[in-house]
Amino acid sequence: MGVALKDILTEFKHPAGQDELTGVAAVDTFNALYQFLSIIRQPDGTPLMDDEGRVTSHLSGLFFRTANFLQQGIRPVFVFDGKPPEMKSSTIQDRRDIRDESKEKWDEAKRKGDLTGAFRYAMSSSVVDEHIISSARTLLQFMGLPVVNAPSEGEAQAAYMARKGDVDYVISQDYDTLLFGTPVLVRNLTISGKRRIHGRQVTIQPERITLSDVLQTLEISREDLVDIAILTGTDFNPGIKGIGAKTGLKKVKNGEFDGIIRDKSPGFDPEPVRLFFQKPPVTDSYNLETSPVDRDGVFSFLCDEYSFSPDRVNPVLDKIAKKEKQKTLESWF
1 MGVALKDILT EFKHPAGQDE LTGVAAVDTF NALYQFLSII RQPDGTPLMD DEGRVTSHLS
61 GLFFRTANFL QQGIRPVFVF DGKPPEMKSS TIQDRRDIRD ESKEKWDEAK RKGDLTGAFR
121 YAMSSSVVDE HIISSARTLL QFMGLPVVNA PSEGEAQAAY MARKGDVDYV ISQDYDTLLF
181 GTPVLVRNLT ISGKRRIHGR QVTIQPERIT LSDVLQTLEI SREDLVDIAI LTGTDFNPGI
241 KGIGAKTGLK KVKNGEFDGI IRDKSPGFDP EPVRLFFQKP PVTDSYNLET SPVDRDGVFS
301 FLCDEYSFSP DRVNPVLDKI AKKEKQKTLE SWF
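Right, here's the structure in full:
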C-alpha cells in the first residue's frame, strides 16, 4: 500500500505537537480502517468480534480514536474511497493474493501455537469489506461527523481539500498523499501510542511532513516527486527493479527518467500515472459541517447491536458531551 519514498522523506518527519494538530483534518478512511483491523486483535491475531461473530475491531478503533481526536481539538472529516482506476487492478489482485496467503499462514501458526507469527500473519490478512464500510459509515453518522465520498482514491480527494484550504492537513500512513499534493501530511495519528512491532513494544508518535519543505530541500518539483515514485513503484505501476527512492531521486534530478523508462520498461507509458497523480478525479460536492452526537444512537449501535460494554462506551460519550457543551458555551463569548 502506498509508495516506497521513506528513504528520502525520513529527515522531513517531525514530531507533531498538539498545537499543530488542532483544526480540521481529512482522514484517509480506508487507510485508517486497515490500521484498526490490523492492530486491534487478540494475542493470536483474532480480531474483536460481537456475539454473532461479526468483526468489530474497526468500530472500536473508530469510536475510541475519534473520541480522542475530539478531545484534542481535532475535527475529523472522513474521506471514503470511490471506484479505483483500472490501472490499479494489478495491485488490488496482488493484495488479495497476499491476504489469502497470510490467512493460510495465520491458521497454520495458530495450530502450532506460534502466537507471535499468528499475530503477524493475521495483520496482513485484514480486509475492508462491505460490512466494515457500512458499519463505519453508520457509526460516523451517529457521531455527527462529516463524510466525503471520493469519486476515486480517498487520499487524492483529501489532498484536494487540503490544497483548497477546506481542511488543515491529511491523516494517512501513505506517502501517496504527498504525490497528490497535500500541503501537510500527518502520519501515525490513528495508531499513536504503545504498539507491539516485531515482537517488541514501541511507542509510536504522530509525525508531520510538509510538502514544501520536501520539495525545497531536495530541490525538486511535485512532478519530479511523482517521477521518483514511478521509478520506485506505485499502486499503478510496478516500478523499475533495483531503483529505490535515493537512486530515483538522483536519476530524476539528472534528467534520466525518460531514458530509464525507455531502456528498462519499453512497453510502459508513464503519462497516465503522472496525470492521475497530478489531476486525479475529485469532487467539490461535500459538506464539512458537524452535527451533535446522537448519544442514544451511538449507544444502541455499539452496545445493543455490536455487544460493546456500556462501561466502556458511556464514559467516552460523557467526555464528548462535555466537550460539546464547552464549545457551545464558548460560542457565546
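Residue numbering for the sequence shown is 1 to 333, as defined by the UniProt record's numbering. Ideal Cβ placement from N, Cα and C applies to all residues, glycine included. These figures come from a predicted structure and were not determined experimentally.
By alpha-carbon positions, which one of the options ends up nearest to residue i?
i	options	result
M123	R95, L145 and N149	R95
S221	L178, G244, L185 and V184	L178
D7	G244, V24, F236 and D224	G244
L275	G117, V202 and M87	M87
D304	N237, E52, L9 and E104	E52
D284	A156, Q93, I74 and L70	A156
L70	P151, P310, F299 and S291	S291
S38	M161, G144 and R99	R99
G239	D318, L302, V273 and L215	V273
L62	D213, T46 and L189	L189
S265	V184, G45 and G242	G242
E219	A67, D28, K253 and R120	K253
R163	E324, D311, A4 and A26	A26
P281	A150, A67 and D97	A150
I191	N68, T22 and P43	N68
D176	F236, E20, W106 and V316	F236
E20	V184, E256 and N287	V184
T131	R54, E324 and D28	For the record, residue 131 in the displayed sequence is His; it is not Thr. Nearest of R54, E324 and D28 to H131, Cα basis: R54.
I need the straight-line Cα distance from residue i to residue j, nearest angstrom please.
i	j	result
W332	Q72	With a pLDDT of only 37 at W332, under 50, the local geometry of the prediction cannot be trusted, and the value read off the model is given with reservation. Cα to Cα, the separation comes out at about 21 Å.
V24	V186	12 Å
A321	R295	9 Å
F12	E153	25 Å
A159	Y169	8 Å
F36	D50	16 Å
G248	G267	19 Å
residue 334	D224	The requested residue 334 does not occur in the structure, where the chain is confined to residues 1 to 333.
S307	N314	13 Å
T56	L140	14 Å
K251	P270	15 Å
L145	Q18	21 Å
R65	D213	29 Å
V148	K103	32 Å
E101	F119	14 Å
G45	Q216	43 Å
E289	R41	33 Å
D318	V3	40 Å
I133	G82	12 Å
F301	D129	19 Å
L329	D114	Residue placement at L329 cannot be trusted, given a pLDDT of 41 that sits under 50; the coordinates are not used to answer.
K246	T138	43 Å
T22	A109	42 Å
P310	F299	8 Å
K279	M161	13 Å
Y121	R111	13 Å
V316	G255	55 Å
V293	F257	51 Å
T116	W106	10 Å
D174	E207	12 Å
N287	G165	14 Å
D312	P43	It should be pointed out that residue 312 corresponds to Arg in this sequence rather than to Asp. C-alpha separation (whole angstroms): 21 Å.
S97	E324	Checking the sequence shown, residue 97 turns out to be Asp, not Ser. Their Cα atoms are separated by approximately 45 Å.
Since residue i and residue j are thought to touch, with beta carbons under 8 Å apart, how far apart are those beta carbons, to the nearest angstrom?
i	j	result
L326	P15	Leu is not the amino acid found at residue 326; the sequence shown has Gln there. Actually they are not in contact, since the Cβ atoms of Q326 and P15 sit about 27 Å apart, beyond 8 Å.
G297	F142	4 Å
L211	T182	7 Å
P84	I92	7 Å
L59	S126	So it is not a contact: roughly 14 Å between Cβ atoms.
L9	I209	6 Å
F277	V202	The pair is not a contact, with the Cβ atoms about 32 Å apart (cut-off 8 Å).
For the ligand MN, is there any heavy atom lying closer than 7 Å to the beta carbon of residue i?
i	result
Q216	The ligand MN is not part of this structure, which contains no ligands at all.
Verify the CB distance criterion: does residue i have a CB-CB separation below 8 Å to chain B?
i	result
E305	The structure shown contains no chain B; it is built from a single protein chain.
Task: Whole beta strand (DSSP E) elements within the UniProt domain "XPG N-terminal" (1-102), 3-residue minimum - done: 23-28 and 74-80
Task: the stretch 30-37 contacting the stretch 61-80, beta-carbon criterion three pairs below 8 Å - done: yes
Open item on the list: Within 8 Å, do at least three Cβ pairs link the stretch 260-274 to the stretch 216-232?
Closed with: yes
Open item on the list: Extract the residue ranges of the beta strand (DSSP E) inside the stretch 182-243, only unbroken runs of 3 or more that lie entirely within it.
Closed with: 184-187, 193-197, 200-204 and 207-210
TODO: At 3 residues or longer, and completely inside the stretch 121-154: list those beta strand (DSSP E) runs for me, N to C.
DONE: 147-149
Task: Complete alpha helix (DSSP H) runs within the stretch 288-320 (minimum length 4 residues, chain order) - done: 295-299
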